[in-house]
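Residue numbers (full-length UniProt numbering): 1 to 237. Worksheet: one structure, shown below.
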């Protein structure tokens, strides 16, 4: 009964203002990628389908990473732009901004480049820096007939600031543990997909709690509605 109510709560939450139809559609166009946080843990490159005449953005703004360098193995069907200066990009010119956090890829008609064999894919390597730590992200750009995701957003895991005391009321260690247990039970009972958008938002919510923020602040930042928060906490009791 409880799990069924939890499922109905999640479904009905999309009818609330915080989860409007427009927002639900937008979430389908965004793929979230966990930040590496100083260590390369990618076993395989992230697949990026790219259709003719369309483009996608790779956004590191939420993770705090700044892009230092990009390599594109096969530039015969992809162009690259950025929101600042990157060495080697023609669009950078003499611009002043060095804080690059967004890369834009656009599919073009195939070019014939001497010495470069024709392929339907290209490896994109992005080197970033975050608080002195280097990170390497790999993306496999593949030709596609129709667009898929429009934004690939790299999301960092909030780190708790030890110099910042926890509030005296919420969140407490017990409260945070309840949400963690609730998430585990929801996944084990097949109420949530571990790799789904909602599960990622819940993980962000828990991270914000651990950093000392209140439940309402954490929920707002993570984009979670109050019915989901209440039911998740009930599952974790």
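Cβ atoms here follow ideal geometry from the backbone N, Cα and C, with glycine treated the same way.
A straight line joining the alpha-carbon of residue 153 with that of residue 80 spans about 17 Å. Contact between residue 142 and residue 121 holds, since their C-beta atoms are separated by about 5 Å, short of 8 Å. Judged by beta-carbon spacing, residue 76 lies beyond the 7 Å limit of residue 50, meaning their Cβ atoms are not closer than that value. Around the beta-carbon of residue 230, fewer than 16 other beta-carbon atoms lie within 10 Å, marking it exposed. Among the bridge pairs identified by DSSP, residue 55 is matched with 106. Looking from the CA of residue 73, the closest CA among 224, 139, 82 belongs to 139. In the DSSP assignment, residue 198 falls within the unbroken alpha helix (DSSP H) covering 197-210. Contact annotation: the stretch 210-229 touches the stretch 190-202, with at least three C-beta pairs closer than 8 Å. Note that the C-beta distance between residue 127 and residue 68 is below 7 Å. When secondary structure is reduced to three states using DSSP, residue 181 falls in the helix class. Distance check between residue 52 and each of 209, 105, 135 places 105 closest, using alpha-carbon atoms only. Shown here for residue 222: same chain residues with a beta carbon closer than 8 Å to its own, the five before and five after excluded, namely 201, 202, 204, 205, 208 in chain order.
Annotation for residue 220: no beta strand (DSSP E) segment contains it, though the alpha helix (DSSP H) segment containing it runs 215-222. Here residue 35 carries a coil assignment [DSSP, helix/strand/coil].
Beta-bridge annotation (DSSP): residue 128 is paired with 67, 135. Taking every protein chain shown into account, the CB of residue 118 has fewer than 16 other CB atoms within 10 angstroms, so this residue is exposed. A straight line joining the alpha-carbon of residue 237 with that of residue 217 spans about 21 Å. Separation of the CB atoms of residue 235 and residue 186 is rounded to 6 Å, and the pair is thereby assigned contact status at 8 Å. A residue is called buried once 16 or more other Cβ atoms fall within 10 Å of its Cβ, and residue 113, having fewer, is exposed. Shown here, residue 141 sits in a strand according to DSSP, grouped into three states. Taking the C-beta atoms as reference points, residue 155 is found no nearer than 7 Å to residue 66. Following the DSSP letters along the chain, one finds residue 80 inside the beta strand (DSSP E) bounded by residues 78-82. By the neighbour-count criterion, in which 16 or more other beta carbons inside 10 Å mark a residue as buried, residue 190 falls on the exposed side.
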